[in-house]
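Just below is one structure, and these are the notes that go with it.
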DNA sequence: TTTCTAATTGGAATTATTCTAGGTTTTGAC
DNA sequence: GTCAAAACCTAGAATAATTCCAATTAGAAA
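Residue numbers (the numbering used here), protein chains in the order written: chain A, 1 to 152; chain B, 153 to 304.
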């Protein structure tokens, strides 16, 4: 029986996007993409590595970096730059912002209203991508008195 | 004669801001701030270190990191996160965006129109700071055919 | 001036990422 | 199918950015 082509991670999307970008579909790339789709908590490369290893013990960290790179290149994944503690990865390709909680370090997707209008560019600047970061306190930490800092 | 209190870098601003945040005014902090004001090209910590050393040969890299941290803490400097190659620092505290040229790596301040309206936060999220990054090609690189990539 | 504490220093340690070299898999031409 | 070329994967080394640490120095309040 042939592999189901529209399962969550093996769908035509991944294969298509890769080949369109001149890249190949490999088990490792599937696995890395699957990991990202499974738990959308903006993991770091290292976290992706640990999760991917559970199903594919021989995958290497270098490969995870390469796969993430490939996925970013073919437009299925965003490379997110929180500023502290390494970059993170996000398979949500809709236009959105990232909210960084200063208390717990969590990263959240926030919708970006379609009517934002953009920022007018000075002459000569060619804008390709916008990335909006919002820093503050998330609902959980806001509700806690200590703002996430462990007591004692 | 007393030191002039409103010279570019020794002005009341630095001293005041530091003490308000419970920090002390030190020669090193002055020097680091002076370096940032002198050439507003969004240097990395290492670049700040090299520039600061010219006038203050004994300053250490660890101190530069500490000083930058202090300046950020007291609201005189922004910590900028380009995503590649280390964070950068910006003494422009007006509301503005950062444009990252993908060809030459340059960082440019772009005005942010006052009427942006902000992004509506979901219930419970408390936004403290917005950071808008724009990636693309700067005027100089756009004018060059190779887009900044060295030929050959 | 004394005293207290924050800040500085150099170097070691840590963390995140990239590089390198060699082995493996995939693809496409025959 | 077979073969060669190209792309890919892997482990471990190397590099880059940042933080940590223990000992000294220097602001600033009394």
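Glycine included, every Cβ here is placed at the ideal spot set by N, Cα and C.
* Asked: Is any beta-carbon of chain B found at less than 8 Å from that of residue 142 of chain A?
  -> yes
* Return helix, strand or coil for residue 205 of chain B, following the three-state DSSP convention. => Helix, per DSSP.
* Interface residues of chain B around residue 135 of chain A at Cβ under 9 Å? -> The contact set of residue 135 of chain A on chain B, defined by CB atoms closer than 9 Å, consists of 279, 280, 281, 282 and 283 in chain order.
* Under 9 Å by beta carbon: chain A residues contacting residue 241 of chain B -> The contacting residues do not exist; residue 241 of chain B stays about 12 Å from chain A at best.
* Excluding sequence positions up to five away, which residues of its chain have a Cβ less than 8 Å from the Cβ of residue 228 of chain B? -> Excluding residues within five positions, the ones whose Cβ falls inside 8 Å are 165, 166, 169, 185, 243 and 245.
* Asked: So the beta strand (DSSP E) residue 278 of chain B belongs to, where does it begin and stop?
  -> 278–289
* Asked: Distance, Cα to Cα, residue 110 of chain A vs residue 95 of chain A?
  -> 9 Å
* Once you ignore the five residues that flank residue 78 of chain A on each side, which residues in its own chain have a CB closer than 6 Å to its CB? -> 90
* In chain order, each alpha helix (DSSP H) run of at least 4 residues that lies wholly inside the segment 199–257 of chain B -> Unbroken alpha helix (DSSP H) stretches of 4 residues or longer found wholly inside the segment 199–257 of chain B: 213–225, given in chain order.
* Asked: Using the rule of at least 16 other Cβ atoms within 10 Å of the residue's Cβ for burial, across every protein chain shown, is residue 203 of chain B buried or exposed?
  -> buried
* To do: Tell me, please, whether the segment 129–145 of chain A touches the segment 172–190 of chain B by the rule of three or more beta-carbon pairs shorter than 8 Å.
  => no
* Per-residue DSSP class, three states only, for residue 140 of chain A -> helix
* **Contact set between residue 120 of chain A and chain B, taken where Cβ atoms lie within less than 7 Å** => 265
* Tell me which same chain residues have a C-beta within less than 6 Å of the C-beta of residue 44 of chain A, skipping the five on either side of it? -> For residue 44 of chain A, where only same-chain residues beyond five positions count, the Cβ hits under 6 Å are 86 and 88.
* Could you name the residues of chain A that residue 256 of chain B contacts, counting a contact when the two beta carbons are closer than 8 Å? => The contacting residues do not exist; residue 256 of chain B stays about 13 Å from chain A at best.
* Alpha carbon to alpha carbon, how far is residue 73 of chain A from residue 19 of chain A? Give it in angstroms, no decimals. => Distance between the alpha carbons of residue 19 of chain A and residue 73 of chain A is about 11 Å.
* Asked: List, in order along the chain, the chain A residues whose C-beta lies closer than 9 Å to that of residue 291 of chain B?
  -> 122, 123, 124, 125 and 126
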